[in-house]
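Asker:
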Amino acid sequence: MYYYLHSHCHLVKGALRGAIYDLHTNKVYSINNRAVELLSKCKETPIETTLTLEAESLEKNEQEKLFFDELTSKNLGGYYFFPRIEENKEENVFVPARLDFAWLELTTKCNNQCLHCYTSSTPQSTSDEIPLQRWLSLITELKENGATGLQLIGGEPLLYSHWRTIVLKAKQQNFDFIEIFTNATLIDDDDIRFFSEHNIHIATTLYADNAQLHDEITQSRGSFNKTVNAIKKLLNHRIPVRIASIIMRNNENQAEAIMQFCNSLGIEALPPDVIRPAGRGANENLLPLHYKKPSIQPPFYVNETEFYLAQHYNPCLVGKIAITSQGNALPCIFSREYIVGNIKNQSIHDIVNAEPLQNCWTLNKDKMPKCKDCEYRYACPDCKIFSQSDACSYVTEKCTYQPQLGTWSK
Numbered sequence: 001m002y003y004y005l006h007s008h009c010h011l012v013k014g015a016l017r018g019a020i021y022d023l024h025t026n027k028v029y030s031i032n033n034r035a036v037e038l039l040s041k042c043k044e045t046p047i048e049t050t051l052t053l054e055a056e057s058l059e060k061n062e063q064e065k066l067f068f069d070e071l072t073s074k075n076l077g078g079y080y081f082f083p084r085i086e087e088n089k090e091e092n093v094f095v096p097a098r099l100d101f102a103w104l105e106l107t108t109k110c111n112n113q114c115l116h117c118y119t120s121s122t123p124q125s126t127s128d129e130i131p132l133q134r135w136l137s138l139i140t141e142l143k144e145n146g147a148t149g150l151q152l153i154g155g156e157p158l159l160y161s162h163w164r165t166i167v168l169k170a171k172q173q174n175f176d177f178i179e180i181f182t183n184a185t186l187i188d189d190d191d192i193r194f195f196s197e198h199n200i201h202i203a204t205t206l207y208a209d210n211a212q213l214h215d216e217i218t219q220s221r222g223s224f225n226k227t228v229n230a231i232k233k234l235l236n237h238r239i240p241v242r243i244a245s246i247i248m249r250n251n252e253n254q255a256e257a258i259m260q261f262c263n264s265l266g267i268e269a270l271p272p273d274v275i276r277p278a279g280r281g282a283n284e285n286l287l288p289l290h291y292k293k294p295s296i297q298p299p300f301y302v303n304e305t306e307f308y309l310a311q312h313y314n315p316c317l318v319g320k321i322a323i324t325s326q327g328n329a330l331p332c333i334f335s336r337e338y339i340v341g342n343i344k345n346q347s348i349h350d351i352v353n354a355e356p357l358q359n360c361w362t363l364n365k366d367k368m369p370k371c372k373d374c375e376y377r378y379a380c381p382d383c384k385i386f387s388q389s390d391a392c393s394y395v396t397e398k399c400t401y402q403p404q405l406g407t408w409s410k
């Protein structure tokens, strides 16, 4: 008799252990090396000859039988009288990636001067070089090449005089999702009516639950009260709002307070991220001394689409592109030095299909040191992609797993 995992289950091997991915329940089960060995052998060799049969190992034999019974009880596998011919499930679902989402950095000018700003924005910034007509034609190109989502960013995007024209163009092109990432200090009643009329989502940032610390980080007196008042008005008009907070040395004791404050406003709170090493954020003196974003730990969950995507692409980067106010195309808005093209002299079609961006899209964990040896690599949500000099690289800052040892560090 033979034993096979069901077609909705996949065995992924690591350096020391393995994992069974159940794509019906989306659960990921960790198994030891002996279990990996048994499942691999039982596809070609009858269980009777695979189990440990020596008299002195009868107890181990019973444990191995119980292992198969447990898999069966969880609907992960089953017994077969004859060898099963398995089809290549991966080929049946693989679809080449295409563009889906774009960040448009309309300006680097900003009325705040946040200590950690990844674009080093100031009120005096003058790097806006893309004519309005190119932004408008770009939106058409993005849509023609598959993009369905758009985020307008800066600097402060509301300081770009034609931001409404760009939004209306995106609506004309039938983008499914349009979000403006703003510090919210400039939002007035007319803007709110515009957001409501055109179903615009808003994202903003809070650095503390109090004005003194928040304004210290933005270097703009009164910014906290303006942002909070705008958030309340947006929510009163049922405009979707999300808050993405950043932790640095100045506010590293505020993480819990920020989340509680967001909850008090009626907004789902997520753990704040740590500053990114770009622009003014590259200042090592801004790095928090103690705060770390919660590390990645089991349990893991992954659906069928995510599972197959992770085998071919980087789930965080694939289908995305960022365009700066200088026209540079980036794989991620934080990868400031890794330029994959420029819309001044290239079409989106050419940039998306060229090797530099494709290399980033296909930078999956099978190509990463440490990650390639991890059995959780197709379910792991860790995404720490930054540009290091002239190449996309991968930094696993949040992962404490040691796949060679099969253990998690504290």
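Residue numbers (UniProt numbering): 1 to 410. Idealized CB from N, CA, C, for every residue including glycine. Since the model is a prediction, treat every value here as computed from it, not as a measurement.
1) Sort Trp-135, Gln-151 and Gly-155 by Cα distance to His-116 and report the nearest one.
2) Considering Val-318, what are the terminal residues of the alpha helix (DSSP H) in which it resides?
3) So, is Arg-221 buried or exposed, given that buried needs 16 or more other C-beta atoms within 10 angstroms?
4) Counting Cβ pairs, one atom from each stretch, are 3 or more of them under 8 Å apart for the stretch 123-137 and the stretch 165-182?
5) Quick one: residues in its chain with C-beta nearer than 6 Å to the C-beta of Leu-71, no 5 flanking neighbours on either side, listed in chain order?
6) Return the Cβ separation of Cys-114 and Ile-217 in integer angstroms, given the expectation that the two are a contact with Cβ distance under 8 Å.
7) For Lys-169, which residues from the same chain have a beta carbon less than 6 Å from its beta carbon, with the 5 sequence-adjacent residues on both sides left out?
8) Whose C-beta lies closer than 6 Å to the C-beta of Cys-262 among residues of the same chain, with five residues either side of it excluded?
9) Per DSSP, which one or two residues make a beta bridge with Lys-109?
10) Based on Cα-Cα distance, which residue from Glu-284, Leu-235 and Ile-333 lies nearest to Tyr-118?
11) Closer than 6 Å by C-beta to Phe-68: which residues in its own chain qualify, once you throw out the five before and the five after it? Chain order, please.
12) My output table needs one value for Leu-265: the three-state DSSP class, helix, strand or coil.
13) Between which residues of its own chain and Pro-315 is the CB-CB distance below 7 Å, once the five residues before and five after are set aside?
14) Does DSSP put Arg-336 in a helix, a strand or coil?
15) Can you find the residues in the same chain that come closer than 7 Å, C-beta to C-beta, to Gly-14, ignoring five residues on each side of it along the sequence?
16) Assuming contact is defined by CB atoms lying nearer than 8 Å, are Ala-282 and Pro-271 in contact in what I supplied?
17) Let me know if Leu-5 comes out buried or exposed under the rule of 16 or more other beta-carbons within 10 Å of its beta-carbon.
18) Between which two residues does the beta strand (DSSP E) carrying Ser-30 extend?
19) What does the Cβ neighbour count give for Pro-331, buried or exposed, with the cut at 16 atoms within 10 Å?
20) If you run the structure through DSSP and keep just helix, strand and coil, what is Gly-77?
21) On the CB-based measure, 16 or more other CB atoms within 10 Å of its CB, does Val-241 come out buried or exposed?
22) So, does the CB of Ile-180 fall closer than 8 Å to a CB anywhere in chain D?
23) Within the present structure, is the beta-carbon of Asn-285 separated from the nearest heavy atom of the ligand FMN by less than 7 Å?
24) Counting Cβ pairs closer than 8 Å, one from the stretch 21-29 and one from the stretch 293-307, do we hit at least three?
25) Pull the bridge partners of Phe-181 from the DSSP assignment, please.
26) Is it buried or exposed for Phe-175, if we count other Cβ within 10 angstroms and need 16 for buried?
Answerer: Short version:
1) Here the question's residue 116 lines up with position 116 in the sequence shown. Among Trp-135, Gln-151 and Gly-155, the Cα nearest to that of His-116 is on Gly-155.
2) The sequence position of residue 318 within the sequence shown is 318, counting from 1. Unbroken run through Val-318: none, as it is neither H nor E.
3) Within the sequence shown, numbered from 1, the residue matching residue 221 stands at position 221. In this structure Arg-221 is exposed. Its beta-carbon is surrounded by fewer than 16 other beta-carbon atoms within 10 angstroms.
4) The stretch 123-137 is in contact with the stretch 165-182.
5) To locate residue 71, count along the sequence shown from 1; it is residue 71. In the same chain as Leu-71, and ignoring 5 residues on each side of it, the C-beta atoms closer than 6 Å to its own belong to Gly-77, in chain order.
6) Here the question's residue 114 lines up with position 114 in the sequence shown. Here the question's residue 217 lines up with position 217 in the sequence shown. At roughly 6 Å, the Cβ-Cβ gap stays under 8 Å, so Cys-114 and Ile-217 are in contact.
7) Here residue 169 refers to the residue found at position 169 when the sequence shown is read from its first residue. Closer than 6 Å at the Cβ level, and outside the excluded window around Lys-169, lie Leu-136 and Ile-139.
8) Against the sequence shown, residue 262 aligns to sequence position 262. Non-local beta-carbon contacts of Cys-262 in its own chain, meaning distances under 6 Å to residues more than five positions away in sequence, involve Ile-243 and Ala-269 in chain order.
9) The sequence position of residue 109 within the sequence shown is 109, counting from 1. Note: Lys-109 sits in a beta bridge opposite Thr-122.
10) Residue numbering aside, residue 118 sits at position 118 when the sequence shown is read from its first letter. Checked all of Glu-284, Leu-235 and Ile-333; the closest Cα to Tyr-118 is Ile-333.
11) Position 68 of the sequence shown holds residue 68. Around Phe-68: Tyr-3.
12) Looking up residue 265 in the sequence shown gives position 265. Helix.
13) Position 315 of the sequence shown, counted from the start, is the residue given in the question as residue 315. Result list for Pro-315: Glu-306 and Leu-309, in chain order.
14) Position 336 of the sequence shown, counted from the start, is the residue given in the question as residue 336. Looking at Arg-336 - three-state DSSP - the assignment turns out to be coil, as it is neither helix nor strand.
15) For this step, residue 14 is matched to residue 14 along the sequence shown. If the five residues before and after Gly-14 are omitted, its C-beta is found closer than 7 Å to the C-beta atoms of Asp-373, Cys-374, Glu-375 and Pro-403, all from its own chain and listed in chain order.
16) The residue labelled residue 282 in the question sits at position 282 within the sequence shown. The residue labelled residue 271 in the question sits at position 271 within the sequence shown. Contact annotation: Ala-282 and Pro-271 have beta-carbon atoms that are not nearer than 8 Å.
17) By 1-based counting over the sequence shown, the position of residue 5 is 5. Classified as buried, Leu-5 has 16 or more neighbouring CB atoms from the shown chains inside 10 Å of its CB.
18) Position 30 of the sequence shown holds residue 30. It spans 27-31 - the beta strand (DSSP E) in which Ser-30 sits, taken as one unbroken run.
19) Residue 331 sits at position 331 when you count from the first residue of the sequence shown. Buried, by the Cβ-count rule.
20) On the sequence shown, position 77 is the one that residue 77 refers to. Taken through DSSP and simplified to helix, strand or coil, Gly-77 comes out as strand.
21) On the sequence shown, position 241 is the one that residue 241 refers to. Classification of Val-241: buried, given that the 10 Å Cβ count is 16 or more.
22) Going by chain labels, chain D is absent from the structure shown, which holds only one protein chain.
23) As presented, the structure is devoid of all ligands, the ligand FMN included, so that no description of it is given.
24) Yes: at least three Cβ pairs fall under 8 Å.
25) By 1-based counting over the sequence shown, the position of residue 181 is 181. In the DSSP output, where bridge partners are listed per residue, Phe-181 has Ala-203.
26) On the sequence shown, position 175 is the one that residue 175 refers to. Buried, because 16 or more other Cβ atoms sit within 10 Å of the Cβ of Phe-175.
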